[in-house]
Every structure is written in structure tokens, then in C-alpha cells.
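Everything in the sequence shown is counted per numbering that gives the first Met the number 0, starting at 0 for the first residue and increasing by one. From the three backbone atoms N, C-alpha and C, an ideal C-beta is built for every residue, glycine too. What you are looking at is a predicted structure, and each value in this text was computed from that prediction instead of being measured. Everything below concerns the one structure shown next.
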Amino acid sequence: MELRKLIVLALLAISLSACGARGPLEPPPGAAAPDPDEPAAIDPLIKPN
0 MELRKLIVLA LLAISLSACG ARGPLEPPPG AAAPDPDEPA AIDPLIKPN
């Protein structure tokens, strides 16, 4: 029975530790804009005109 409690507590701790937030998902106000992606070879086939 003690082993089952230990396993449950370990799983609970692991699942809760994965829920932590490291900060906002938005970039800070003074951040530089990311570089635009290079076009792929199939972009003309999948993008509407």
C-alpha cells in the first residue's frame, strides 16, 4: 500500500511540475521582430492567389 501511495505522489508531482509557466508567451515590448521565413518550393501550389 505504501508503494502505491509513493507512486501516486510521484506521478502527481511530475504532472504538476509540467504545468509551470516560465513567463508570458508574448514577446516583451522592446523585442526585435523575428526574421520572416524563407518561401518553400511548394508555396505557389498551396497559397491562394
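Start-to-end residues for the alpha helix (DSSP H) that takes in residue i
| i | result |
| --- | --- |
| Leu8 | Glu1 to Ser16 |
Residue i versus residue j: straight-line alpha-carbon distance, rounded
| i | j | result |
| --- | --- | --- |
| Pro33 | Glu1 | 52 Å |
| Leu11 | Glu25 | 29 Å |
| Glu37 | Pro28 | 25 Å |
| Lys4 | Ser14 | 15 Å |
| Leu8 | Ala30 | 40 Å |
Backbone secondary structure at residue i - three-state DSSP
| i | result |
| --- | --- |
| Pro43 | helix |
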